Each structure stands twice: as C-alpha cells, then as structure tokens.
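Asks: Below you will find the structure I want to go over with you.
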Amino acid sequence: MKILLLCSGGDAPGMNRFIYDLYDAFKDEVYFALAGFNGLINGEIYPLGKVIKNGDRDSAGTIIKTSRCPEFKQKRYVKIGVNNAKDFDYVVICGGNGSERGAKEIFENGIKTIFVPGTIDNDVNDNHYSMGFSTAVKECVYAVKNTMPSIQAMTRSCLFEVMGRDFGAIAEETAKQVDADYVVQDKKTLDYEKMTKAILKKYVKGQSSCIIVRENIEKIEKIANKLNKMLGLDIVRCHIVGRTQRGGTPTEEELVMSDKFAGGVVDVIRHGRVGRVLANKNKQIVLKKFN
Ligand code: ADP
Numbered sequence: 039m040k041i042l043l044l045c046s047g048g049d050a051p052g053m054n055r056f057i058y059d060l061y062d063a064f065k066d067e068v069y070f071a072l073a074g075f076n077g078l079i080n081g082e083i084y085p086l087g088k089v090i091k092n093g094d095r096d097s098a099g100t101i102i103k104t105s106r107c108p109e110f111k112q113k114r115y116v117k118i119g120v121n122n123a124k125d126f127d128y129v130v131i132c133g134g135n136g137s138e139r140g141a142k143e144i145f146e147n148g149i150k151t152i153f154v155p156g157t158i159d160n161d162v163n164d165n166h167y168s169m170g171f172s173t174a175v176k177e178c179v180y181a182v183k184n185t186m187p188s189i190q191a192m193t194r195s196c197l198f199e200v201m202g203r204d205f206g207a208i209a210e211e212t213a214k215q216v217d218a219d220y221v222v223q224d225k226k227t228l229d230y231e232k233m234t235k236a237i238l239k240k241y242v243k244g245q246s247s248c249i250i251v252r253e254n255i256e257k258i259e260k261i262a263n264k265l266n267k268m269l270g271l272d273i274v275r276c277h278i279v280g281r282t283q284r285g286g287t288p289t290e291e292e293l294v295m296s297d298k299f300a301g302g303v304v305d306v307i308r309h310g311r312v313g314r315v316l317a318n319k320n321k322q323i324v325l326k327k328f329n
C-alpha cells in the first residue's frame, strides 16, 4: 500500500497530530507532497518517515508544509497532479473548503481520494468541526481576556478582529465564550447604529464593551474611527488578534479531534472506501461522498 498525504490552504493547529497518527498507522507506506498541491504538481513527493521527528507531534503548523496553489484551479495542472498521484493507492488531503474542491478534482480523475477538514475557519460544508477551530477560538478568547482589563481601566471599548476569511464561525464562538456586547460576522451585521447603542449602554454605567469583528468585512481602524465620530467621543480602540490564531498550542479538544479524524481515515482506507471524512454534530466521524 502507498498513501500520499498533503496539507493545503492555511495551516491549522492539529494537522501535525493528524500526520503523526497516520504515520503510526501506516509507517513507511505514507508519503507526502511538499506544501500541498504545489508539491503534487512539481513531483516533490517524499517518504513521510524522512520528516518525522520526535517532539513535533502536538505542535501547531504542519511538518509537511502547506501552501496555496492557484494553478491547481486549471485543468492542465490538475492533469499533472493526477499523473503524479497515480503511483499511489490513496491520496489524503487535509484543508479547507478550497482544498476540498481540489480533492474532488483528483477524485473525479479516478484517484482514490480522502478529504479531511483542517482549517481554523470551520468553513467546510456538511461538517461541524474542522481541525484548528478550537485552538483559534482559544487564542481569541485569550486575547480578549488579556486586553479588556486595560480597556476597562480607562472605560474604553475595544473591537477585536478575528480570522475566518468569509465565514463568521470564529467570531461567533469567541463572542459567545467572552460574552461580547456585539459581534460582526458579515456585512449585514456591520450595523453602526447597533454598535454605538451597545457601547453607550455600557458607557453610561461607567463600563466597557467588547465587540468581536470578523476579518475581511471592513478595516478595523476604519470601523473604530467611524464609531468614535458617531459617539462624539474618543473611546473605541481596536486589537487584531492575528497569527497566534494559527500558531497557538493545540487545545486538548483539538488533539482529540485530530486523533478522531486520523482514526476515521485509517478506517476508510482499511475498508477500501473513498470520500470526505467529516465530523457530525456530536463530533463523531462520518464518511460522506464528494459533493
Ligand atoms: P482552504 O482550503 O483553506 O479553503 P483555499 O481556498 O486558499 O484554502 O484553497 C487552497 C487551495 O485549494 C488553492 O490554493 C488551490 O490549490 C485549491 N483549490 C481551491 N479551489 C479550487 C478549485 N475550484 N479547483 C481546484 N483546486 C482548488
């Protein structure tokens, strides 16, 4: 048996644990394509044993590297990738919803393919949990908890920008966990009237407010400036949580989920099946067809 593994798109905490688990299960049968679809089309394919080192198992990042590969959206590059994948009995792809489309292309070209959700954004269709989400939220909660005391000391308000690209899951979950005063998940919820109302409600009582804002909607500084203007005050500050959302030490939940995903993949391979290894509402692993 020869299994080819690759990570694609943004890296997500938990990917390493997943990689090590697959190595434990299949040892020298596992190979990897360096930095995702780029490695696949360039033929940069190596035995996983070459990069397995003790100690990296529970760290964030991915020892097999990941990247974005816009070329893979073109049929001629898919053809090259598929040609290189033909040497393998299975291709396992870990990434977000973009990577899932790449995985589907490979599958539709006759390669036994398995897709696994690995993205902090938690934006994979039909899937309730993707590797990285719990850790990203933990880092956001940490940032809020470590910023608000200083904000409160001056009776200010703070906007926290969190990741998510086009999907508001990190913003929504962070807001829930920190009991935020308002959350901007999309263009529709970028409602300045509601935000000023939420800020003033606290301000008149001498209290601070905390607002969570998803990235890619509007520049956070611009939102803060507009709010200050509308309030006629200079109390709104902003904080971009940033890359710690990807690089944070995986949570216990993360590691458990990575183990579960790996277990699901091992099971699917041992039964000779293909498809998307996803998590259902109860965080149990399910196999679904490529859409
Ligand atoms: P994520 O997988 O985290 O959502 P991206 O959306 O950036 O990240 O997608 C990662 C990679 O998946 C892209 O750089 C590209 O190589 C591949 N990909 C995305 N969309 C497609 C598509 N429609 N067809 C083939 N490959 C795709």
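The numbering of the sequence shown is the numbering used here, which starts it at 39 and goes up by one. Even glycine gets a Cβ: it sits at the ideal position worked out from N, Cα and C. Keep in mind it's a predicted model, so treat the numbers as computed, not measured.
Can you check DSSP and say which residues form a bridge with tyrosine 69?
Replies: To locate residue 69, count along the sequence shown from 1; it is residue 31. DSSP lists Leu42 and Pro85 as partners of tyrosine 69.
Asks: Answer yes or no: the CB of cysteine 132 versus the heavy atoms of the ligand ADP, is any distance below 7 angstroms?
Replies: Indexing the sequence shown from 1 puts residue 132 at position 94. No, the beta carbon of cysteine 132 sits no closer than 7 angstroms to any heavy atom of the ligand ADP.
Asks: Roughly how many whole angstroms lie between the Cα atoms of leucine 271 and arginine 194?
Replies: As a first step, residue 271 is located in the sequence shown; it is residue number 233 there, counting from the start. As a first step, residue 194 is located in the sequence shown; it is residue number 156 there, counting from the start. Between leucine 271 and arginine 194, the C-alpha separation is close to 10 angstroms.
Asks: What residue range is occupied by the uninterrupted alpha helix (DSSP H) comprising proline 155?
Replies: For this step, residue 155 is matched to residue 117 along the sequence shown. No alpha helix (DSSP H) holds proline 155; the beta strand (DSSP E) holding it covers 151–155.
Asks: Any idea what DSSP makes of serine 247, helix, strand or coil?
Replies: Walking along the sequence shown from the start, residue 247 turns up at place 209. Strand.
Asks: Going by alpha carbons, who is nearest to arginine 252 out of Lys239, Glu199 and Gln215?
Replies: In the sequence shown, the residue the question calls residue 252 occupies position 214. Of the listed residues, the one whose Cα sits closest to arginine 252 is Glu199.
Asks: Please state the DSSP three-state secondary structure of valine 304.
Replies: Counting from 1 along the sequence shown, the entry for residue 304 is found at position 266. Residue state, collapsed to three classes: helix.
Asks: Under the DSSP definition of a beta bridge, which residues are partnered with glutamate 199?
Replies: Position 161 of the sequence shown holds residue 199. Paired residue(s): Val251 and Ile278.
Asks: Going by Cα to Cα distance, which pick from Ile149, Ser246 and Lys235 is closest to isoleucine 189?
Replies: Taking the first residue of the sequence shown as 1, we reach residue 189 at position 151. Answer by Cα proximity: Ser246.
Asks: Just grab the DSSP bridge partners of alanine 317 for me.
Replies: Here residue 317 corresponds to residue number 279 of the sequence shown, with the count starting at 1. In the DSSP output, where bridge partners are listed per residue, alanine 317 has Ile323.
Asks: Buried or exposed, going by whether 16 or more other CB atoms sit within 10 Å of the CB of arginine 275?
Replies: Along the sequence shown, read from residue 1 onward, the residue named residue 275 stands at position 237. By the neighbour-count rule (16 or more Cβ atoms within 10 Å), arginine 275 is buried.
Asks: Determine contact between the region 284–302 and the region 174–186, defined as no fewer than three beta-carbon pairs at a distance below 8 angstroms.
Replies: In short, these stretches touch, since the Cβ pair count reaches three.
Asks: Can you have a look at alanine 11 and say buried or exposed, based on whether 16 or more other CB atoms are within 10 angstroms of its CB?
Replies: No answer is possible for residue 11: it lies beyond the span of the chain, which begins at 39 and ends at 329.
Asks: Taking the runs of the alpha helix (DSSP H) that are 4 residues or longer, which of them lie wholly in the region 98–134?
Replies: Complete alpha helix (DSSP H) runs here, min 4: 113–123.
Asks: Start and end of the alpha helix (DSSP H) containing tyrosine 167?
Replies: Along the sequence shown, read from residue 1 onward, the residue named residue 167 stands at position 129. Run containing tyrosine 167: none; DSSP gives neither H nor E here.
Asks: Please list, in chain order, all residues of the same chain as valine 120 whose beta carbon is under 7 angstroms from its beta carbon, the five residues on each side excluded.
Replies: By one-based count along the sequence shown, residue 120 stands at place 82. If we look at valine 120 and ignore the five residues flanking it on each side, its Cβ neighbours are Ile144, Asn147 and Ile149.
Asks: Just to confirm, are valine 306 and leucine 325 a CB contact at a threshold of 8 angstroms?
Replies: Position 268 of the sequence shown, counting from 1, holds the residue named residue 306. Position 287 of the sequence shown, counting from 1, holds the residue named residue 325. For valine 306 and leucine 325, yes; Cβs fall inside 8 angstroms.
Asks: With a CB to CB cut of under 7 angstroms and the five nearest residues on each side skipped, what residues in its chain are close to alanine 123?
Replies: Translated into the one-based positions of the sequence shown, residue 123 becomes position 85. Taken in chain order, the residues that qualify are Leu42, Leu78, Val129, Ile144 and Ile149.
Asks: What is the rounded straight-line gap between the Cα of tyrosine 115 and the Cα of glutamate 109?
Replies: Within the sequence shown, the letter at position 77 stands for residue 115. Within the sequence shown, the letter at position 71 stands for residue 109. Each residue's Cα considered, the two are about 6 angstroms apart.
Asks: Taking only the alpha-carbon atoms, compute the straight-line gap between aspartate 125 and glutamate 138 and give it to the nearest angstrom.
Replies: Within the sequence shown, residue 125 is the residue found at index 87, counting from 1. Within the sequence shown, residue 138 is the residue found at index 100, counting from 1. Rounded to the nearest angstrom, the two C-alpha atoms are 21 angstroms apart.
Asks: If you drop the 5 nearest sequence neighbours on each side, which residues of the same chain put their C-beta closer than 8 angstroms to that of alanine 207?
Replies: Against the sequence shown, residue 207 aligns to sequence position 169. If we look at alanine 207 and ignore the five residues flanking it on each side, its Cβ neighbours are Asp159, Asn160, Asp161 and Phe171.
Asks: What's the C-alpha gap between serine 296 and threonine 100?
Replies: The residue given as residue 296 occupies position 258 in the sequence shown. The residue given as residue 100 occupies position 62 in the sequence shown. The straight-line gap from Cα to Cα measures roughly 13 angstroms.
Asks: Buried or exposed: asparagine 329, going by 16 or more other Cβ atoms within 10 Å of its Cβ?
Replies: As a first step, residue 329 must be located in the sequence shown, where it is residue number 291. Exposed.
Asks: Report the residue from Asn184, Ala300, Lys235 and Tyr241 whose alpha carbon sits nearest the alpha carbon of cysteine 132.
Replies: One-based indexing of the sequence shown puts residue 132 at position 94. Ranking the options by Cα distance to cysteine 132, first place goes to Ala300.
Asks: Let me check you understand the geometry: is the CB of cysteine 107 closer than 7 angstroms to at least one non-hydrogen atom of the ligand ADP?
Replies: As a first step, residue 107 must be located in the sequence shown, where it is residue number 69. The answer is yes for cysteine 107.
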